[in-house]
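What follows is a set of notes on a single structure, which appears directly below.
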Amino acid sequence: MRLDKVKNVVFGFLVYGLLISKTSFSEEKPLELTPAQAVSIFIHNNYNVLIDKYNIDKAYANYLESKAHTNPSIYMSSVQHEIRNGELRSRDSTSNIGIAKLFRMGGKRSLNMKLNYALYKSYMFTHDDNVRNLLIGFMSLYYQVIIDKIALRQAKDDLDNYEKVLKIAKYQRDYGFISSLDYFKLSVYKVNLQSAVYQAQSQYQNDLKQLKTLMRIKKPIQLKAGYPVAFLLDQKIDLKKYEELALNRFDIKAARYQLQSDLYNLKFQKAQNIPDLTFNFEIDTVGIDSENRRYPFMIGAGLSFPLPIFDRNVGGILNAAYSIKQDKLMLKNLEDTAKTQTYQAYQNFLSAQKTFRAYVEKKKEIEKILDISQKSFALRGISVLDLLDAERTYKDFMASYRSALYQLMLNRTLLDFYSRGSL
């Protein structure tokens, strides 16, 4: 009997343990992601990236096609003379079989291969640059989710702390230290704090959902900021180094290969004036002679080529020459744009550093003011309006603080994207 009681107690503890641990079994551990890991997942999973990547595959297919030689052609014919009513009236006939092969002269095949390979490399870097532009928006959202989470946690903390103040205010109202109107004002402000929690929750969930959609992952995620805030505040940036990196950005590399392709295309267009040769080899049989003897096989060879008299491919040559001039200007424009964007990103980062440093210096002070205001109100040292003013000031300050932190993290990342093109 005693053993049964022990079993029941043990069983009860097991059931209780399972019940309290049910949540831990059901909750999936979030996937912790650094910015670099999130970028890697985005590049491998995002639909826009995958769709754009097929342009590289198509360019490579064109390159493979340019390497192929022309196919030979076989032709056959047979001519029967004087057929009436389905009967052959004459044994005189002509039959032949031959093969023809086009040979591209003037190095056309080699030039076509080179220009298509340059285009293939250009598409590779164009794809990388398209990904870079997509990542600018992606990382903006990435850091926004981090700020959203901070804002949500801050809103909940503000509400919890204010609940304590409101309890003190209720006590003061009950004992006649403050009026019911003052207490009502404090209660109304609680609604504002609750609304801030709801809005922060909605903003966080919406941005998180969009971020996970871009990465095409469904499991819970936890984002890391990447650069430590203390490091960002004290980091010194060598502008000249970043401007040099900007001159090797993906879009500039793509433009250089495009220009290289244009140069090969000009040579290719000029080579069109060199006629291609078509060689023929043929075997013929021509009926029978007057003595009823069949002619022997005859073997022949031929050569044909077009005469470049009227069409000298002037239009194609001029088009290729103008493309070179156009793409040289585009390359220069891209280089200037990259340097300008890098300089602007550098200045934005310096501004974000100074702004956030100022907020960091004031953060402890504003927290101290709020703490003193709440304690003073509890001791009836300040009025309800003074307390509400302190609460609103703190709330507005923290919103600006989070915005400054967001700009600091984002502008540091944008400096990387606008210069070297990656993290």
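To get our numbering, take the position in the sequence shown, counting from 1, and add 132. By construction, the Cβ of each residue, glycine as well, lies at the ideal position given by its N, Cα and C atoms.
Can you tell which of the options has the C-alpha that lies nearest to the C-alpha of residue i?
i, options, result
"D468", "A433, D383, V181", "D383"
"K527", "F549, K495, S515, K507", "K495"
"Q390", "E295, L247, G553", "L247"
"Y207", "K199, S227, L196", "S227"
"K190", "A510, Y255, L325", "Y255"
"E160", "F429, L463, K350, Y533", "K350"
"Q169", "M347, E295, T202", "M347"
"S334", "N293, F316, V323, A287", "A287"
"R305", "N338, Q473, S508, R512", "R512"
"R489", "S210, L196, Q367", "Q367"
"K322", "L340, Y307, Y294, Y336", "Y294"
"K91", "I183, I173, P162, M245", "What the structure shows of the chain is the stretch from 133 to 555, and residue 91 is not part of that stretch, so it cannot be assessed."
"Q476", "E493, E197, N451, F549", "F549"
"Q392", "D184, L463, G447", "L463"
"L409", "P204, L196, I173, L182", "P204"
"S210", "T417, D339, V320, Y195", "T417"
"P407", "N480, Y336, I441", "I441"
"P162", "K299, Y195, N194, L340", "L340"
"A510", "P167, K299, G447", "K299"
"I431", "L196, F174, G448, F413", "F413"
List the endpoints of the continuous beta strand (DSSP E) containing residue i.
i, result
"L163", "163 to 165"
Start and end of the alpha helix (DSSP H) containing residue i?
i, result
"M430", "Note, M430: premise wrong, no alpha helix (DSSP H); beta strand (DSSP E) at 430 to 436."
"Q539", "516 to 551"
"L355", "No alpha helix (DSSP H) contains L355, which is instead part of the beta strand (DSSP E) from 353 to 355."
"E295", "240 to 306"
"L511", "That residue, L511, is in no alpha helix (DSSP H); it is neither H nor E in DSSP."
"K385", "382 to 403"
"T202", "It is not in any alpha helix (DSSP H) - T202 carries neither H nor E in the DSSP assignment."
"D314", "312 to 347"
"E376", "371 to 378"
"Y363", "The sequence given here places Phe at residue 363; Tyr does not occur at that position. Its alpha helix (DSSP H) spans residues 361 to 366."
For residue i and residue j, which I take to be in contact (beta-carbon distance under 8 Å), what is that distance rounded to the nearest angstrom?
i, j, result
"A403", "L243", "6 Å"
"D459", "A386", "11 Å between Cβ atoms; not a contact."
"Y491", "A522", "At roughly 18 Å, the Cβ-Cβ gap does not stay under 8 Å, so Y491 and A522 are not in contact."
"Q539", "A484", "4 Å"
"L542", "M271", "7 Å"
"Y252", "Y186", "With a Cβ gap of about 13 Å, Y252 and Y186 do not count as contacting."
"L343", "L273", "5 Å"
"S508", "I501", "The pair is not a contact, with the Cβ atoms about 10 Å apart (cut-off 8 Å)."
Would residue i and residue j qualify as a contact pair, given that the criterion is a beta-carbon distance under 8 Å?
i, j, result
"R544", "L364", "yes"
"A531", "Y396", "no"
"V297", "Q506", "yes"
"Y374", "L547", "yes"
"A301", "L318", "yes"
"F411", "A232", "yes"
"G239", "I415", "no"
"R381", "N405", "no"
"S327", "D394", "no"
"L379", "A470", "yes"
"T258", "R236", "no"
"D290", "L325", "yes"
"T474", "S551", "yes"
"V516", "D314", "yes"
"R534", "I282", "yes"
"F529", "I504", "no"
"I310", "Y478", "no"
Of all the CB atoms in chain D, is at least one closer than 8 Å to the CB of residue i?
i, result
"D184", "The structure shown contains no chain D, having only a single protein chain."
Counting pairs of beta carbons, one from the region 431 to 440 and one from the region 349 to 368, are three or more of them closer than 8 Å?
no
Taking one C-beta from the region 258 to 277 and one from the region 165 to 178 each time, how about it: are there three or more such pairs within less than 8 Å?
yes
Using 8 Å as the threshold, is the region 346 to 356 in touch with the region 273 to 289, meaning 3 or more CB pairs across them?
yes
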